[in-house]
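Chains as they are written, first to last, in my numbering: chain A, 327 to 939; chain B, 9 to 205.
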């Protein structure tokens with residue numbers, strides 16, 4: 327594998343980056359890679375909490391009333407709080423920080439060939455606010471009354487009136503945590519978009535940007551355009567909870583449906599906010615391991631843009647039974663079914679990329695292929711829920727639950743594992759163990775299907791969501807139903823055991839894994855030009871900053887003997903150094919930054935910190 | 009794949025091109041996009057509540073909002089926006105000549121916020137508070153959030169003025185502040201027509 331020899335360069339850092347203390351380097355860093363890892367590890371820690379909640383409430387459903395090992399007897403209030411916070415954590419504190427923030431931070435500057443984000447200190451602030459939000463959320467479990475239990479959608483009046491929710495403090499703190507988290511992603515998203523617009527390597531055209539960067543940028547734009555109404559709604563809900571207003575109280579002139587509109591106006595685009603980065607990750611992996619150019623780069627790009635636009639017009643399909651006008655339901659049925667077209671198109675493009683490629687079944691490739699397969703099941707089952715006629719029957723059953731787990735699990739878990747196993751050598755400079763990785767893959771994907779296929783069956787059979795115990799519903803407590811519940815729970819336990827295997831592999835490989843070369847997969851994008859792991863400043867210690875000469879997926883090009891053609895290699899017969907920069911600059915940064923930031927060279931707030939030192 | 013796929017040779021890039029929009033301006037534009045959607049959310053919520061009101065809007069027996077005084081105040085705010093626009097124009101020609109319009113913009117902006125504060129005190133005295141009705145709730149929340157933005161913007165304007173005096177202000181910084189202030193100024197007339205009239 328290791329064709330590119332480890333780059334021989336003296337280990338003395340360049341002068342721009344003197345050695346920093348451990349705290350500055352890992353806890354207070356402005357380095358986009360460290361911030362990305364901070365997001366990654368925080369997201370993993372939150373995933374463990376969210377997974378533990380799933381374990382506890384699934385045990386309660388399979389064996390109602392019995393003491394759950396390591397937890398104890400689950401009370402109804404605890405059940406509600408755990409279901410609510412499992413959803414909240416997995417979406418806002420796992421999917422978003424890991425897929426967008428962790429990989430966005432780590433990959434965007436590396437893939438664009440620049441030394442850092444445009445606003446490194448805003449980036450640091452973004453992570454710090456995010457960490458604060460995670461701590462605030464965890465704190466909400468321990469206040470009197472317990473954590474918020476009104477579902478992650480927090481519909482009023484359950485969320486607005488303590489008389490219903492019985493968690494006056496828990497709901498307010500939960501809401502504050504979510505609001506803080508949005509602020510963190512707002513700051514991060516601004517950084518991603520600005521960096522991609524303004525800091526690309528010379529020669530990188532819009533169609534030379536790796537797809538995953540495009541997808542993260544599009545996701546950030548969708549997020550920023552959709553989150554405003556939810557923040558407005560959250561402020562109104564906060565006032566309703568604490569200051570005696572009646573925005574959502576129908577007895578005093580308010581409207582509970584209003585919250586649902588404000589929430590889902592954000593909530594549905596949010597699905598695409600997390601989906602698009604996962605789609606981008608898969609595009610990187612399947613091109614590298616099928617050794618083929620991405621089939622239809624511009625198709626994928628325009629499709630993703632179309633998806634983003636359409637995603638703003640589908641939100642009311644969550645509210646078909648909430649009392650909205652049936653004529654409006656028809657419209658939203660049409661838009662919802664429409665949005666499956668661009669997504670299907672992307673899946674076809676990926677399958678077209680695989681066709682005729684020389685496919686290597688490495689661990690990241692297995693995850694990427696599993697993503698396409700499992701997400702297709704999620705998408706196809708979604709059509710039944712998007713059509714108002716069938717949704718009336720399926721609404722709030724386990725069919726819905728199984729459907730969105732078939733979308734979110736591929737996105738947040740399979741997509742993350744794909745990215746993590748693919749970029750692990752770049753992140754930590756060492757390889758994961760492939761055999762353990764494959765065992766972990768099968769040990770995750772097979773149990774995943776065995777958890778949620780039974781839940782589809784239960785949902786079609788009428789099993790309602792958010793029920794603490796089915797003992798009191800004799801028609802839902804038949805032996806076959808209970809058997810399926812036990813099957814789902816046991817599969818979950820198996821899956822969790824295999825995650826422990828992954829964590830062992832992960833932490834062992836960080837310290838003891840096989841050393842990785844700069845470009846272990848013979849891939850084309852710019853991050854593989856940097857060291858593994860890249861030093862602070864990414865390319866600053868190289869003779870010159872990278873220059874881009876071609877698109878990101880030039881595999882098996884007919885003009886070239888080798889099966890890959892990196893973006894940074896100049897065309898044959900041309901010297902490596904670009905003519906504009908004849909002498910190898912010892913410190914290319916001033917020249918590099920001057921065009922970009924001459925406007926705010928002296929700005930004391932946002933200019934790149936390194937340029938000052 | 010045939011040899012015909014051999015692409016036209018691409019020109020070798022000659023260094024980095026200057027960005028289309030300076031980074032800080034672009035960042036502020038993106039932030040303003042979110043803010044726009046935030047106020048759009050508030051407006052749509054307000055319109056829903058107003059449209060659902062069965063006993064007229066504002067509800068009977070509630071204090072009227074001071075329409076004329078606020079119209080005067082609206083003019084002051086718009087004038088502040090114009091002053092900042094002039095400051096930007098002058099800054100491109102002779103930076104120090106922008107000091108006067110900047111000061112005018114800050115003064116008018118501060119007047120606007122102070123005037124709103126006085127108005128609030130009067131309205132509270134007349135019995136319109138946050139929890140009286142959705143009318144009162146929307147009034148205080150929306151106007152209050154706008155005032156919060158205005159106060160932050162005044163600090164930003166003052167920061168830009170300080171830098172202008174110290175001759176360290178650059179064009180993109182002024183533009184960044186302008187984008188935010190134009191947003192705050194521009195959203196107010198919509199708010200006025202929706203809530204007061």
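Positions of the beta carbon are idealized from the N, C-alpha and C atoms, including for glycine.
*Are the C-beta atoms of residue 444 (chain A) and some chain B residue less than 8 Å apart?*
yes
*Which residues bound the alpha helix (DSSP H) around residue 544 (chain A)?*
Its alpha helix (DSSP H) spans residues 537 to 568.
*Alpha carbon to alpha carbon, what distance is there between residue 405 (chain A) and residue 649 (chain A)?*
Distance between the alpha carbons of residue 649 (chain A) and residue 405 (chain A) is about 28 Å.
*Select from A:639, A:646 and A:626 the residue whose C-alpha is nearest the C-alpha of residue 673 (chain A).*
The candidate whose alpha carbon is nearest that of residue 673 (chain A) is A:626.
*Does the beta-carbon distance from residue 612 (chain A) to residue 679 (chain A) come in below 8 Å?*
yes
*Would you please verify whether the beta carbon of residue 100 (chain B) is less than 8 Å from any beta carbon of chain A?*
no
*What does DSSP give as the partner residues of residue 723 (chain A) in its beta bridges?*
A:790
*Residue of A:877, A:898 and A:750 minimising C-alpha distance to residue 886 (chain A)*: A:898
_Interface partners of residue 571 (chain A) on chain B, CB under 7 Å_ = 138, 139 and 145
*asked:* Please return the same chain residues whose Cβ sits closer than 7 Å to the Cβ of residue 909 (chain A), not counting the five positions on each side in sequence.
replied: For residue 909 (chain A), the pLDDT reaches just 44, beneath the cut-off of 50, and the residue's location in the model is therefore unreliable, leaving the point undetermined.
*Would you identify the three-state DSSP class for residue 444 (chain A), choosing helix, strand or coil?*
coil
*Are the beta-carbon atoms of residue 771 (chain A) and residue 527 (chain A) separated by less than 8 Å?*
no
*With a 10 Å radius around its C-beta and 16 neighbouring C-beta atoms as the bar for buried, classify residue 482 (chain A) as buried or exposed.*
Burial call: buried.
*Could you tell me whether the stretch 413 to 431 of chain A touches the stretch 458 to 471 of chain A, using the rule of 3 or more Cβ pairs below 8 Å?*
yes
_Residue range of the alpha helix (DSSP H) that includes residue 384 (chain A)_ = Annotation: the continuous alpha helix (DSSP H) that includes residue 384 (chain A) extends over 358 to 388.
*Just grab the DSSP bridge partners of residue 841 (chain A) for me.*
A:756
*Nearest CA to the CA of residue 42 (chain B): which residue from A:438, A:890, A:550 and A:761?*
Proximity to residue 42 (chain B) across A:438, A:890, A:550 and A:761 peaks at A:550, based on C-alpha coordinates.
_Let me see if you follow: with CB-CB separation under 8 Å, is residue 578 (chain A) close to chain B or not?_
yes
*Put residue 125 (chain B) into one of helix, strand or coil per three-state DSSP.*
DSSP, reduced to helix, strand and coil, places residue 125 (chain B) within a helical segment of the structure shown.
*What does DSSP give as the partner residues of residue 398 (chain A) in its beta bridges?*
When beta bridges are read from the DSSP output, residue 398 (chain A) appears opposite A:394.
*Would you kindly check if the distance between the Cβ of residue 631 (chain A) and the Cβ of residue 754 (chain A) is under 8 Å?*
no
*Alpha carbon to alpha carbon, how far is residue 456 (chain A) from residue 507 (chain A)? Give it in angstroms, no decimals.*
When the Cα atoms are used, residue 507 (chain A) and residue 456 (chain A) turn out to be separated by approximately 5 Å.
*Answer yes or no: does any C-beta atom of chain A fall closer than 8 Å to that of residue 97 (chain B)?*
For residue 97 (chain B), the nearest beta carbon of chain A is not closer than 8 Å to its own beta carbon.
*residue 792 (chain A) versus residue 433 (chain A) - alpha carbon distance*: 39 Å
_Looking at chain B, is there any beta carbon in it that lies within less than 8 Å of the beta carbon of residue 520 (chain A)?_
yes
*Residues of the stretch 476 to 495 of chain A with a CB closer than 9 Å to any CB of chain B: list them in chain order, please.*
So the list is empty, because no residue satisfies the distance condition.
_Which residues in chain A have a C-beta closer than 9 Å to the C-beta of residue 118 (chain B)? List them in chain order._
Chain A residues near residue 118 (chain B): none, gap ~23 Å exceeds 9 Å.
*Range covered by the alpha helix (DSSP H) that runs through residue 147 (chain B)*: 142 to 173
*Taking the DSSP output, what are the residues bridged to residue 890 (chain A)?*
A:881
*Exposed or buried, residue 26 (chain B), counting other C-beta atoms within 10 Å across all chains shown (16 or more means buried)?*
Taking all protein chains shown into account, residue 26 (chain B) has fewer than 16 neighbouring C-beta atoms within 10 Å of its C-beta and is therefore exposed.
*Kindly indicate the opening and closing residues of the alpha helix (DSSP H) around residue 653 (chain A).*
652 to 680
*Using a C-beta to C-beta distance shorter than 8 Å, which residues of chain E count as neighbours of residue 561 (chain A)?*
The structure shown contains no chain E; its protein chains are A and B.
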